[in-house]
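Trainee:
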Amino acid sequence: MHLQGGEFEGIMVQCRLVSGGDIGYGGVGLVGRFRYLPSLFKYQQCGKLPYSTIVDKGRPVKLENVSFVWSSPEEDSGDIRFV
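Numbered per this note's numbering, the sequence shown spans residues -11 to 71.
#1: Starting from I(-1), trace the beta strand (DSSP E) in both directions and tell me its first and last residue.
#2: Output the distance between the C-alpha atoms of K30 and D44, rounded to the nearest integer angstrom.
#3: What did DSSP end up calling S65 once you bin it into helix, strand or coil?
#4: Buried or exposed for S40, going by 16 or more other Cβ atoms inside 10 Å?
#5: Enumerate in chain order the residues of its own chain whose CB-to-CB distance from G14 is below 6 angstroms, with the five nearest sequence positions on each side excluded.
If you want it as structure tokens, here you go:
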């Protein structure tokens, strides 16, 4: 996943099923896991799926060129979106 440009007060990124999902995993259909984070970001526990949510470390963030590594689950989960 790649974000480009902009200045933000805070950022949270998740990958979710388009159709919604299991309440046990946050009630929003969280899917997959982030594997690599730039130093400006950290993992945030959300529901029961670890490493599925990332947030900034609490300071204004100016993005010029930031990339994240996200891994899909082994089984097909359907259509997804990053929010």
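Don't be surprised by glycine CBs; every beta carbon is placed ideally from N, CA and C.
Mentor: With the given structure in hand:
#1: DSSP places I(-1) in no beta strand (DSSP E); its state is neither H nor E.
#2: 6 angstroms
#3: coil
#4: buried
#5: Interpretation of G14 is limited by its pLDDT of 49, a score under 50 that renders its predicted location unreliable; no figure is taken from the coordinates.
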